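As structure tokens, the structure follows; a few thoughts come after it.
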Amino acid sequence: MLLAASLSAACSQAQPDQTATTPTDGTTQQQDPDQGQQTGGKKKKGKGGDRRKDKDAAAQIQGLRQVGSLKGVVPESSGLCPADQPGTYFSFGDEGNDATLYRLSATGQLRGTLSLGTTNSDWESLSRDDRGNYFVGDCGNNENDRRNLVIHRFRPEQPRQVADIKFKYPDQTEFPPEKKKARNFDCEASLWHGGKVWLFSKDRGADATSKVYSVPDQPGSYTAQLVTKLAIPGQVTDAALRPDGHRLVLLGRGELFVLDGNSWEEIIKATPRQVSLAGAGQTEGAVFKDANTLLISTEQGSFYEFKLPF
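Per full-length UniProt numbering: the sequence shown = residues 1 to 310.
Structure below.
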């Protein structure tokens, strides 16, 4: 089947929005971190008290430390992914925010932005393939009633040219399912691997199972393939694959799950090991900084570095 190699967020295809008026090129804004960061010309508000609170919480979790703050930089950070420049990472806001990617340093300082030629219905995940293509998963589905799930595919050098991968779930027939325990069609985590986008569901019904689907990485309309189900006692909010392809991390809200294997087939059959991040906030984004270290963002704006315990 597939060997785990590189990742990329995905969700489904739609045509580029020709009415968007946001700038085409990424713009870099740099300044001394002690003087605050800027987004859209507005200075970041004072954050001393919040930063101390976040650091106090991080101090209670072994291996976790706050390295920056995204407050005033990224509105409700909902995911992380390696960016197109070495040592930088893309993040983005979720439902209702601009169709913009924010290029960040490893300490959360703003290094530039990309405005995409599409809209943000509910962006929840982002990843890239091994050829420089990026995939934005516009498949947030809190109410389990969406019929327009899509993954936006683009290249950073041409951010206005967006191709879409539209998809539907093979096992969903009700929008939303009548039984609340059956509401497992939200998706906030996805990866690219082996010519496919892999989707991990967020179980809003029972907090027990993450379903793993795949769709081709080419523009078009598809019925996703249900590949397997993972026993995850929580709600998956992001996914990150280690560069060597032997470890998958699924982020939850205040926790993460680690799956190891020598191949992609082994990884998605592995028994997840759970690591608590209780007190860190609503953890939404995760990306590998190196083989043993993750960068993690929260919806509240905290930006952490986390050393994996095993």
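Ideal Cβ positions, reconstructed from N, Cα and C, are used throughout, including at glycine.
Given the structure is predicted, the values throughout are model-derived calculations rather than measurements.
Item to check | L80 beta carbon less than 8 Å from that of L226 | outcome: no
Next on the checklist: By alpha-carbon positions, which one of Q218, P159 and Q235 ends up nearest to L101?
Outcome noted: P159
Item to check | Boundaries of the beta strand (DSSP E) in which W198 is found, first to last residue | outcome: K196 to K202
Checklist entry - Quick one, are the C-beta atoms of P219 and R128 less than 8 Å apart? => result no
Checklist entry - For the stretch 73-115, which segments carrying the alpha helix (DSSP H) assignment without a break, of at least 4 residues, lie completely within its bounds, in sequence order? => result none
Item to check | C-alpha distance - G134 paired with K180, whole-angstrom precision | outcome: Just to set this straight, residue 134 is Tyr in the shown sequence, not Gly. About 33 Å.
Item to check | Between the CA atoms of F288 and V162 - distance to the nearest angstrom | outcome: 26 Å
Next on the checklist: Please report the distance separating the alpha-carbon of A240 from that of E174.
Outcome noted: 30 Å
Next on the checklist: According to DSSP, is W123 part of a helix, a strand, or is it coil?
Outcome noted: coil
Checklist entry - For the candidate residues L64, T107 and G63, whose alpha-carbon lies nearest to that of L70? => result T107
Item to check | Opening and closing residue of the beta strand (DSSP E) in which I296 lies | outcome: T293 to T298
Checklist entry - Can you give the Cα-Cα distance for R65 and E157, rounded to whole angstroms? => result 34 Å
Checklist entry - Are there 16 or more other CB atoms within 10 angstroms of the CB of A99, so buried, or fewer, so exposed? => result buried
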